[in-house]
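Be aware that the sequence shown starts at 1, since it is given in our numbering, and climbs by one per residue. Glycine is no exception: its CB is placed at the ideal position from the N, C-alpha and C atoms. Remember, predicted model here, so these are calculated numbers, not experimental data.
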Amino acid sequence: MDMCSGPILQKMLMYSLPLMASGVLQLMFNAMDIVVVGQFAGDNSLAAVGSNTSIIGLITNLFLGLSVAANVLVARFYGARDTKSVTRTVHTSMLLSLLSGVLLTIIGVGGAKWILELMQTPAEVLPLAVLYLRIYFLGMTATMIYNFGSAILRGVGDTRRPLYYLVISGVINVALNLVFVIVFKMDVAGVALATVISQCVSAFLVTRCLMKEKGAIRFRPSNMRLDKSKTAAIFKIGLPAGFQGVMFSISNVIIQSSINSFGPIVMAGNAAAQNLESFVYIAMNAFHQAAVTFTSQNFGALQWKRINRIAVYSEVCVTIVGVLLGNLVCLFGQQLVGIYSSNPDVIRAGIDRLSIVARTQATAGMMDVMVGALRGIGYSFMPMVVSLIGVCGIRIGWIFTVFGIERFHTIEVLYSSYPISWLITFLVHLGCFIVIRTRLEKKMSKLSHS
């Protein structure tokens with residue numbers, strides 16, 4: 001897809017809708033892990049799987065940031081028609097995906113029990129949570145390969161084939177969930193193993209796709225090497241993005257630890273609500289990714305006016321999606337949480353979270369679009385710093401100040417840290433984008449006239 005000419009909104013929707021479908025389908029397949037264990041294994045198993053969500057994000061986000069960088073660079077060089085740089089970025093990225101996956105497996109399998117104990121996971125949940133986490137991380141190399149491979153395809157505007165591969169692997173995941181848990185009574189081990197197998201399938205499909213490609217993004221395993229300049233560029237963009245994700249996850253882990261102190265019922269309700277909110281987030285995230293890729297291609301082509309319009313269209317789209325879906329989840333909260341658990345106390349605990357977090361979730365999407373626009377013009381360190389202060393700092397500070405006061409030590413006050421941090425951080429990111437984008441255009445204009 002040529003993102004540097006033609007109607008922006010039409011192309012953005014063509015790009016974003018398959019991404020949105022991919023994300024929603026992936027979450028539906030992942031939600032089956034929670035639904036199956038919640039309905040056929042019990043509340044402790046549901047809490048065990050749900051409590052691992054923030055940990056998985058914490059451990060993987062640093063390396064997923066590198067895949068964001070691969071997407072940015074492929075899009076930038078593609079927009080600039082620099083085919084050699086695209087090819088070098090592809091092979092550097094795929095080798096990094098292998099190295100990242102192996103390292104993550106070692107960290108996740110070896111440190112599972114220690115991390116979960118550090119999070120104050122209740123004793124009745126701990127053995128199941130450790131087992132799930134260790135099996136899950138056995139498939140991390142496949143997860144990294146799929147994420148880097150799909151990032152490369154997104155960089156040239158292809159969001160459809162990753163969707164097809166996800167559907168195939170997701171159907172396999174759901175089928176194996178049902179077989180392993182219901183037929184073989186494998187509990188959390190069954191859903192973790194089903195996830196690993198499906199991840200291997202998606203990794204195989206995206207790798208096969210890249211190997212059969214023609215042109216600059218064709219992948220040849222024998223050509224994998226760490227190109228010095230491309231590796232440096234990936235780390236320059238990817239490490240701040242990944243570190244930002246890590247710090248987000250640390251704040252979420254701290255919040256999860258506070259949630260754990262309210263017991264297994266609240267943990268289970270939180271897990272169900274968090275999974276439902278993920279559908280809203282992933283739908284909005286499609287426009288974040290569109291902002292990154294469209295801005296990157298147009299930055300490579302020095303199309304400054306289009307960059308402004310991309311930011312506006314992305315913000316309008318993400319706001320509409322966030323407000324609509326967030327409020328729909330709240331409206332049907334009882335029925336939706338009831339899919340995960342039939343326990344009325346768990347359902348009530350889930351609705352408590354949805355009424356605060358899901359209802360205001362559009363603000364998180366608005367914040368992410370601004371981060372994507374900044375990364376698209378080559379700025380990754382600044383949004384990281386702003387996010388650390390604006391999101392992580394506020395959430396952690398909230399827990400140790402407001403939430404720490406006895407009269408405010410409630411789950412509702414704890415959940416309030418989300419919308420407050422999103423709104424403040426969005427406003428700061430918006431100001432940064434306006435200032436930086438204006439300075440860049442002036443700088444490039446001077447260089448072109450000198």
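- Within the same chain, Cβ atoms closer than 6 angstroms to the Cβ of G38 are found at L46, Y340 and S341, the five residues on either side in sequence being excluded.
- For the set F148, V174, L205 and I389, the Cα lying nearest the Cα of M32 is the one of V174.
- Under a 10 Å Cβ-count criterion, M144 is classified as buried, with 16 or more other Cβ atoms of the shown protein chains found around its own Cβ.
- Counted as a single uninterrupted DSSP element, the alpha helix (DSSP H) harbouring G149 occupies residues M140 to G155.
- Distance check between T231 and each of Q361, G65, L96 and R353 places L96 closest, using alpha-carbon atoms only.
- By alpha-carbon distance to A112, the top candidate from P7, G215 and Y132 is Y132.
- The straight-line gap separating the alpha-carbon atoms of G155 and C392 is approximately 29 angstroms.
- Residue nearest to K84 within the set S229, L138, L430 and A189 is S229 (criterion: CA-CA distance).
- Collapsing the DSSP output to three states places M119 in coil.
- Taking a cut-off of 8 angstroms on C-beta distances, the stretch 360-378 touches the stretch 286-304, as three or more cross pairs fall below it.
- A check of alpha carbon separations from I424 across V413, G390 and E117 identifies G390 as the nearest.
- Between the alpha carbons of A301 and R76 lies a gap of roughly 8 angstroms.
- Beyond the five residues adjoining it in sequence on each side, Y136 comes within less than 8 angstroms, by CB distance, of N52, I56, G108, A192, T195 and V196 in the same chain, given in chain order.
- I254 counts as buried, since no fewer than 16 other beta carbons sit within 10 angstroms of its beta carbon.
- About 14 angstroms separates the Cβ atoms of G50 and N343, ruling out a contact at the 8 angstroms cut-off.
- As the crow flies, the alpha-carbon of I8 is around 43 angstroms from that of M267.
- Around the beta carbon of E277, 16 or more other beta carbons lie within 10 angstroms, which makes this residue buried.
- Looking at the backbone, the Cα of L239 and that of A129 are separated by about 29 angstroms.
- Note on geometry: alpha-carbon atoms of K443 and M224 lie some 36 angstroms from one another.
- W114 and L126 have their C-alpha atoms some 10 angstroms from each other.
- If you draw a straight line from the Cα of L98 to the Cα of I59, it is about 16 angstroms long.
- In this structure E117 is exposed. Its beta-carbon is surrounded by fewer than 16 other beta-carbon atoms within 10 angstroms.
- P383 is classed as buried because its beta carbon has at least 16 other beta carbons within 10 Å across all chains shown.
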